[in-house]
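Protein chains in written order, with the UniProt record's numbering: chain A, 1 to 247; chain B, 1 to 416; chain C, 1 to 610. Glycine residues also receive a C-beta, built at the ideal position from the N, C-alpha and C atoms. Just so we're clear, the structure is a prediction, and the values are computed from it rather than from any experiment.
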Amino acid sequence: MSELVVRDLHRSFGGVQAVGGVSFTLRSGDLLALIGPNGAGKSTCFNLLNGQLRPDSGSVRLDGTELVGLPPRRIWALGVGRTFQITATFASMTVVENVQMVLLSRARRLFGLWRPAAAQFREPALTLLGQVGMAAQADRPCGVLAYGDLKRVELAMALASEPAVLLMDEPTAGMAPAERLTLMALTAGLVRERNLAVLFTEHDMDVVFGHATRVLVLDRGRLIAEGSPDEIRADPRVQSVYLGGEA
Amino acid sequence: MQHRRQTISLLAKAAAITAILAAGLAGGLAGGLPAAAAETGPVRVGEINSYTGLPAFTIPYRQGWQLAVEEVNAKGGVLGGRKLEVISRDDAGKPDDAVRVAQELVTNEKVDLLAGTYFSHIGLAVADFAARNKVPFVAAEPLTDAITWAQGNRYTFRLRPSTYMQAAMLVEEAAKLPAKRWATVAPNYEYGQSAVAWFKQLLKEKRPDVEFVAEQWPAQGKLEAGPTVQALAAATPEAIFNVTFGADLAKLVREGETRGLFRNRKVVSLLTGEPDYLEPMKDEAPEGWIVTGYPWEQIDTPVHKAFVAAYAARFKDQPKQGSLVGYTTMKAIAAAIDKAGSTDREKVVDALSGLTLDSPVGPVTFRASDHQSTMGAFVGTTTVKDGRGTMKDWRYADGTAYLPSDEAARKLRPAE
Amino acid sequence: MSFLLVQALSGLATAATLFLVSSGLTIVFGVTRIVNFAHGSFYMVGAYAGWSLIERFGGTAAGFWGSVAAAAIAVGCLGAAMEIGLLRRLYRSPELFQLLGTFGVVLVVQDLAAWGWGSEDLLGRRAPGLKGSIDILGQSFPLYDLVLIGLGPLVLALLWALFNRTRWGTLVRAATQDREMASALGVDPARLFTGVLFLGGALAGLGGALQVPREAVTLQMDMAIVVEAFVVVVVGGMGSLTGAFLASLLIGQLQAFGILVFPQITLVLVFLFMAVVLVLRPHGLLGRAEEAPPTAPAAVTVPLAAGRNAGWWALALLAAMAALPLAVGDYALILLTETVILALFAASLHLLIGLGGLVSFGHAAWFGLGAYGAALLVRHLGAPMPLALAGAPLLAGAGALVAGWFCVRRSGLYFAMLTLAFAQIAWSVAFQWYAVTGGDNGILGVWPSPWAAGKAAYYWLTLALCGGALWLLRRAAFAPFGYALRAGRDSGLRAESVGIDVRRFQWMAFVLAGAAAGLAGGLYAFAKGSVFPTLLAVPLSVDALVMVLMGGIQTVAGPLAGAAAFHLLESEVMSLTDWWRLALGLVIVALVLLFPRGIVGFVAGLRGRA
């Protein structure tokens with residue numbers, strides 16, 4: 001059982017408050033969606049959680065350990081994995097090598113100067129790729145993959161570190177609707193299977209209401225609602241600032 | 001499929017590398033074809049200089065030695081009928097390239113001896129190579145004292161008067177000046193540093209009352225004229241010793257004139273009287289500086305006049321300092337080979353040791369003690385005549401008078 | 001007091017020239033992201049063209065200033081021509097290739113200028129009406145310098161107006177911020193870039209022509225100014241005009257007053273200053289973070305091919321090379337020895353560039369440090385060759401350990417310039433510390449032990465050591481270490497988020513590359529018998545870059561082929577003609593245009609298509 005406790009996060013840029021007082025708790029088994037209109041502060045929120053940005057104040061604790069102030073790689077090592085909104089894989093490597101890199105990093109074997117990397121952790125990497133349906137493309141260079149496939153590779157890379165908490169920044173952005181639902185179904189399955197705690201942002205409301213166990217609504221840097229998908233759908237404030245605004 | 005592709009690409013890589021190596025080797029081998037010099041073939045001299053690095057000085061030098069080679073061959077060559085042949089190479093201004101080229105000349109071109117170089121560090125590199133490979137080397141132009149003293153060796157000889165000798169010639173004049181407060185400006189490398197060091201030491205020996213009140217060390221080729229001139233003026237020296245040359249000198253002169261640095265101040269300046277440096281300044285050449293140099297148009301000994309005439313006829317050009325050095329270098333080599341009576345390297349070295357020849361400016365001897373030639377320089381005062389810089393009130397300072405005794409010189413060299 | 005004032009004014013005059021030249025460089029970089037080595041050549045051509053025109057027409061004030069303007073415009077046209085003929089074809093190439101292409105132009109222009117204007121220094125006429133000096137508090141100050149001092153801010157103001165008050169300028173600024181956006185605005189980027197190169201060239205030409213009344217025009221002007229202009233641009237912040245202005249002012253004053261305090265410091269002052277600024281401010285004084293490091297080899301998406309049989313091919317090549325002494329003569333062996341050494345040198349740089357995406361402009365520092373390490377051990381401690389050879393990579397590695405710590409904290413061009421600064425500092429120490437390093441006269445008598453003194457023996461030794469080092473480098477490239485390095489290059493963000501400490505890997509790679517280069521340098525010292533400061537100098541760093549790029553950065557074998565091709569080409573051409581720079585420059589330009597993936601990439605591509 002893991003628990004990510006976020007308390008009163010604040011961050012402003014040049015006097016403009018991007019995130020102002022966000023608090024929530026994420027537990028194993030959660031598939032928590034963070035939604036909000038463009039510019040609501042979702043990405044900033046994400047970057048505060050994974051260490052890419054430092055909050056002005058507030059705390060993020062993973063099972064009691066303070067994450068604020070740690071560099072991203074330390075936060076990762078403590079069990080917080082992530083995927084990126086705009087895919088970022090190692091383009092000069094093959095699909096399986098991308099996953100192997102994560103496995104090597106987790107095993108602290110990266111400083112090896114002798115044994116070829118390609119021969120290490122290949123089997124476990126292939127297994128992971130099998131789980132996200134990418135085994136067939138394992139030896140293709142990542143630089144030539146289709147967008148949807150890259151997202152799957154990202155997922156495999158995130159899972160490779162066996163995280164307790166997974167942060168997914170728009171995991172389905174840029175994908176076709178059918179593909180989105182497949183990927184989220186896959187993610188949901190993995191969450192159950194591995195008892196992960198997942199926080200994801202998403203624009204597609206079908207994805208959100210179809211898969212999230214709970215939903216957080218962010219507007220102008222503040223959480224305005226939190227609840228089950230049904231509660232959020234029914235919340236008039238959410239409808240006015242978000243759903244209403246977009247309709 | 002994937003696997004085959006990789007193999008093919010590796011094959012291709014290996015092929016590319018081999019092809020390149022083969023091409024290069026073919027070049028190297030082809031160079032080796034001129035077979036070993038037969039007893040009757042030409043005597044081959046390997047010549048190295050910074051032709052692309054410093055063309056302004058090395059091209060006149062090349063014309064000088066070309067003239068000498070032609071004269072020698074017109075008179076029947078050396079060793080009673082063998083032609084003198086020069087294989088010339090560029091060193092790109094880099095000592096490591098010079099060493100490689102020297103090797104190429106010795107092993108592929110089978111040259112009997114080496115000559116040339118302008119920069120001191122390149123001269124030293126080739127001298128070291130010569131000593132190791134036991135090849136005679138006549139260093140033409142490098143000025144550093146090290147080449148005949150601290151780093152001297154059995155196989156290396158140097159023609160041009162060294163930094164020490166030229167500094168000593170100028171000190172003789174500087175000591176006569178009333179000035180007591182001196183400033184120095186010199187390029188920031190060995191040549192500039194040792195020129196200033198010798199000048200200070202020798203002048204203090206003659207005039208214990210002088211003091212040196214300022215020194216400037218601009219980077220060679222990057223003199224910041226305004227600030228440097230101002231800094232010199234601020235020290236209010238009574239006289240200035242200058243070692244800068246070339247483009248730096250032109251900047252210094254221009255800026256110094258504009259800012260009045262030279263007003264009521266004597267300037268003593270190394271090499272500035274050489275036409276190579278004086279002529280580009282045209283009518284802005286400094287007036288009244290005490291310099292070493294080469295007033296070629298005023299030297300009216302028959303032998304020198306003949307040299308100037310031959311040079312002008314051959315190249316439609318007037319000689320520079322480099323022309324004189326190049327010409328005399330090759331004449332000295334021809335004389336040494338004739339004296340040795342063979343191209344045997346050890347015999348040529350023995351012949352060069354103590355060799356005396358008549359240069360256009362007078363007799364020159366390569367001293368047996370330190371392998372430095374006694375070629376001198378002209379000491380005089382700069383002036384502007386007919387819109388161009390020249391020297392007046394000059395005299396020929398024979399190098400013999402400005403060298404330490406044989407005894408003292410031997411002590412400066414490493415033990416053999 | 002009056003002296004200090006006049007000294008400050010002198011510094012301002014220096015600053016004006018620096019600003020003119022570096023403003024062009026920074027504008028060109030800002031828009032095209034091209035690091036234009038040929039900018040110094042523009043300056044030199046401006047000076048030569050200015051000299052010719054001023055000699056002819058410069059008798060009157062109108063003629064003089066007209067000549068200066070005409071020279072600037074002519075050089076601007078040259079810049080535009082270079083954009084159309086060369087750079088335009090390179091925008092899609094890796095940025096390093098653009099750099100290499102402009103370097104080819106430098107070589108070509110050097111020889112063409114020598115051919116056109118002769119090799120003698122040319123001292124031009126002074127500006128009519130501005131020959132004298134005026135009295136400032138009892139000190140003479142040249143009138144012409146006063147004009148220059150005024151010209152700096154004037155040009156800054158004009159450029160500001162151009163970029164902020166005209167449509168063209170607005171478009172250029174848009175393109176500076178976002179190339180894609182500019183083309184989305186319906187602007188033909190090609191024409192915009194031609195215009196920018198014209199402007200950059202004209203500014204450099206103006207700076208050059210304005211020097212005619214101050215100093216002699218020489219063939220060495222190009223390299224002297226371009227390095228300083230780079231320093232100004234980097235200190236000011238790449239692409240920032242006001243930054244360049246500020247940096248020019250600071251450097252001008254620094255030089256004016258630096259020589260008062262410590263006259264010997266002239267060689268390193270600006271580089272020390274740059275190093276300090278970059279250590280304190282990652283993007284220079286007024287620069288912004290780069291959206292993408294200009295040197296990231298974006299085109300490199302092809303995985304490094306390990307290939308099961310690579311080892312066998314390498315062994316076969318090694319065996320063939322080991323057998324060569326039986327077939328070839330002494331000189332060929334020396335060429336081969338040097339080639340093998342340079343191959344290791346190039347491969348060590350490739351480790352940084354090809355795997356780490358770190359372009360070093362000062363890699364010769366480690367080669368030279370290794371050479372000096374070996375030579376110093378021999379000279380001062382009388383060490384035998386094996387000990388000296390062991391010391392070479394250690395000293396170079398130690399140097400790289402210190403410099404690398406600073407360098408890897410910067411990226412892209414700032415990284416490159418910081419490496420250059422360290423190399424310059426190392427060079428000037430070797431150049432000036434006469435008691436220890438022998439200054440520019442170097443250290444002589446560094447010959448191999450008797451058992452390795454034969455040409456063949458030394459060749460075999462070199463082959464064994466370099467082959468071993470290359471093998472280790474190759475293992476490292478395919479080991480997790482090399483992958484981690486590539487991961488950091490491909491996506492630093494992703495690498496950090498999967499636990500890879502990118503900087504640490506870059507630092508380690510820097511040390512490893514430095515040590516390998518140091519071993520190459522040590523071997524080179526014994527091959528030559530002497531070491532000189534030229535082994536640490538900028539030209540050798542550039543040579544190394546050329547070798548790596550010639551071979552192609554995508555493959556491990558590339559630098560080896562590049563080193564072989566470059567060295568043999570240079571040594572052969574050099575003995576054939578005095579115009580070897582022209583020939584080499586043309587070869588480089590052709591290579592960049594025709595084989596943008598390097599020799600090995602090209603050959604592999606041919607085979608792949610067949």
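Short Cβ contact (7 Å threshold) for C:D111 with C:W579: Within the third sequence, numbered from 1, the residue matching residue 111 of chain C stands at position 111. Within the third sequence, numbered from 1, the residue matching residue 579 of chain C stands at position 579. Against a cut-off of 7 Å, the Cβ pair of C:W579 and C:D111 comes out as a contact.
Alpha carbon of B:A98 to alpha carbon of C:K528, nearest angstrom: Counted from its first residue, the second sequence places residue 98 of chain B at position 98. Counted from its first residue, the third sequence places residue 528 of chain C at position 528. Straight through space, the alpha carbons of C:K528 and B:A98 are spaced by roughly 10 Å.
Own chain, CB closer than 6 Å to C:V378, minus 5 neighbours either side, in chain order: Here residue 378 of chain C is taken as the residue at index 378 of the third sequence, counted from 1. The residues are A388, V446.
7 Å Cβ cutoff met for B:I333 and B:V138: For the purposes of this step, residue 333 of chain B is taken as the residue at position 333 of the second sequence. For the purposes of this step, residue 138 of chain B is taken as the residue at position 138 of the second sequence. A contact, by the Cβ cut-off of 7 Å.
Residue burial classification, C:A13 (beta-carbon count within 10 angstroms, cutoff 16): Reading the third sequence from its first residue, position 13 is the one you call residue 13 of chain C. Classification for C:A13: buried.
C-beta atoms of B:A179 and B:E255 nearer than 7 Å: The residue labelled residue 179 of chain B in the question sits at position 179 within the second sequence. The residue labelled residue 255 of chain B in the question sits at position 255 within the second sequence. Not a contact, by the Cβ cut-off of 7 Å.
Helix, strand or coil at C:A38 according to DSSP, with G and I counted as helix: Here the question's residue 38 of chain C lines up with position 38 in the third sequence. Three-state DSSP puts C:A38 in coil, outside helix and strand.
Cross-chain neighbours of A:G112 in chain C, by beta carbon under 8 Å: As a working mapping, residue 112 of chain A is identified with position 112 in the first sequence. Counting only Cβ-Cβ distances below 8 Å, A:G112 has contacts in chain C at A479, P480, F481, in chain order.
Cα-Cα separation between A:L216 and A:E231, rounded to whole angstroms: One-based indexing of the first sequence puts residue 216 of chain A at position 216. One-based indexing of the first sequence puts residue 231 of chain A at position 231. If I take the Cα positions, the gap works out to 11 Å.
Residue-chain proximity (B:K134, chain C), Cβ-Cβ < 7 Å: Counting from 1 along the second sequence, the entry for residue 134 of chain B is found at position 134. Not closer than 7 Å to any Cβ of chain C, the Cβ of B:K134 fails to qualify, so no.
Same chain only: Cβ atoms within 6 Å of C:A604, ignoring 5 sequence neighbours per side: Counting from 1 along the third sequence, the entry for residue 604 of chain C is found at position 604. Around C:A604, the same chain offers no residue with a beta carbon nearer than 6 Å, after the five sequence neighbours per side are excluded.
Per-residue burial, C:D330 [other beta carbons within 10 Å of its own, 16 or more giving buried]: Locating residue 330 of chain C in the third sequence gives position 330, where the first residue counts as 1. Classification for C:D330: buried.
B:L143 versus C:A557: straight-line alpha-carbon distance, rounded: For the purposes of this step, residue 143 of chain B is taken as the residue at position 143 of the second sequence. For the purposes of this step, residue 557 of chain C is taken as the residue at position 557 of the third sequence. Linking B:L143 to C:A557 through their CA atoms gives a straight-line distance of about 45 Å.
Range of the contiguous alpha helix (DSSP H) that encloses C:V155: The residue you call residue 155 of chain C lines up with position 155 of the third sequence. Element bounds for C:V155: 143 to 165.
Span separating the alpha-carbon of B:Q230 from that of C:L9: Counted from its first residue, the second sequence places residue 230 of chain B at position 230. Counted from its first residue, the third sequence places residue 9 of chain C at position 9. Each residue's alpha carbon lies about 11 Å from the other.
Pair within 7 Å by beta-carbon distance, residue 611 of chain C and C:V233: Residue coverage of chain C in this structure runs from 1 to 610, which leaves residue 611 of chain C outside it and unanswerable.
Contacts that C:G101 makes with chain A (C-beta to C-beta distance below 8 Å): The residue given as residue 101 of chain C occupies position 101 in the third sequence. Within 8 Å Cβ-Cβ: nothing; C:G101 doesn't reach chain A, min ~24 Å.
Host beta strand (DSSP E) of B:F241 (start-end): Residue mapping note: residue 241 of chain B aligns to position 241 of the second sequence, counting from 1. Note, B:F241: beta strand (DSSP E), 239 to 242.
Chain B contact for C:L123 (CB, 7 Å cutoff): Taking the first residue of the third sequence as 1, we reach residue 123 of chain C at position 123. Yes, because at least one Cβ of chain B sits closer than 7 Å to the Cβ of C:L123.
Chain-ordered chain B contacts of C:N441 [CB-CB under 7 Å]: Reading the third sequence from its first residue, position 441 is the one you call residue 441 of chain C. S120, H121, L124, T144, A146, E190, listed in chain order.
Stretch pair the region 476 to 484 of chain C + the region 109 to 121 of chain A: three plus CB contacts closer than 8 Å: Contact between the region 476 to 484 of chain C and the region 109 to 121 of chain A is established, with three or more Cβ pairs separated by less than 8 Å.
Within chain C, partners of B:N49 - CB distance below 8 Å: Looking up residue 49 of chain B in the second sequence gives position 49. The CB of B:N49 never comes closer than 8 Å to any CB in chain C; the least such distance is about 11 Å.
Where A:F200 sits in the DSSP three-state scheme: Mapped onto the first sequence, residue 200 of chain A falls at position 200. Strand.
Beta-carbon proximity of C:V21 to C:V196, cut-off 7 Å: For the purposes of this step, residue 21 of chain C is identified with residue 21 of the third sequence, where counting begins at 1. For the purposes of this step, residue 196 of chain C is identified with residue 196 of the third sequence, where counting begins at 1. In this structure, C:V196 does not lie closer than 7 Å to C:V21 by Cβ.
Proximity test, Cβ basis, 7 Å: B:A312 and chain C: Residue 312 of chain B sits at position 312 when you count from the first residue of the second sequence. For B:A312, the answer is no, since every Cβ of chain C falls outside 7 Å of its Cβ.
B:W217: contacting residues in chain C (beta-carbon distance under 7 Å): Translated into the one-based positions of the second sequence, residue 217 of chain B becomes position 217. Per Cβ cutoff of 7 Å: P263, Q264, T266.
Inter-residue spacing [alpha-carbon to alpha-carbon] between C:A298 and C:P94: Position 298 of the third sequence, counting from 1, holds the residue named residue 298 of chain C. Position 94 of the third sequence, counting from 1, holds the residue named residue 94 of chain C. Since pLDDT at C:A298 reaches only 41, below the 50 mark, its modelled position is unreliable, and no value is offered.
Under 7 Å between C-beta atoms of residue 248 of chain A and C:A487: For chain A, the structure presents residues 1 to 247; residue 248 of chain A sits outside this window and is missing.
Segment contact, 8 Å Cβ cut-off, at least three pairs: the region 101 to 118 of chain B with the region 40 to 49 of chain B: Short answer: they touch.
Proximity below 7 Å, CB of B:A377 to CB of B:A397: In the second sequence, counting from the first residue as 1, residue 377 of chain B sits at position 377. In the second sequence, counting from the first residue as 1, residue 397 of chain B sits at position 397. Contact: yes.
Which residues DSSP lists as bridging B:A115, in chain order: Residue 115 of chain B sits at position 115 when you count from the first residue of the second sequence. The partner list for B:A115 (beta bridge, DSSP) reads B:E47, B:V138.
Buried or exposed by the 16-neighbour rule on C-beta atoms within 10 Å, applied to C:P303: As a working note, residue 303 of chain C is residue 303 in the third sequence. For C:P303, the predicted model reports a pLDDT of 46, less than 50, meaning its position is unreliable and no value from the coordinates is stated.
Chain-order list of residues whose beta-carbon lies under 8 Å from that of B:T381 (same chain, five-residue window excluded): Within the second sequence, numbered from 1, the residue matching residue 381 of chain B stands at position 381. Non-local C-beta neighbours of B:T381 in its own chain, meaning closer than 8 Å and more than five positions away in sequence, comprise G288, W289, I290, V291, M391, K392, D393, W394, ordered along the chain.
Sequence-distant residues of its chain with Cβ nearer than 6 Å to C:V217 (five each side left out): Stepping through the third sequence from its first residue, residue 217 of chain C is reached at position 217. A47, Y48, W51, L122, listed in sequence order.
For B:D96, the three-state DSSP class (helix, strand or coil): By one-based count along the second sequence, residue 96 of chain B stands at place 96. The three-state secondary structure of B:D96, taken from DSSP, is helix.
Where C:A299 sits in the DSSP three-state scheme: Looking up residue 299 of chain C in the third sequence gives position 299. Any answer about C:A299 is weak, because its pLDDT of 41 lies below 50 and its placement is not dependable; what the coordinates show is given next. In the structure shown, C:A299 sits in coil (DSSP, three-state: anything other than H, G, I, E or B).
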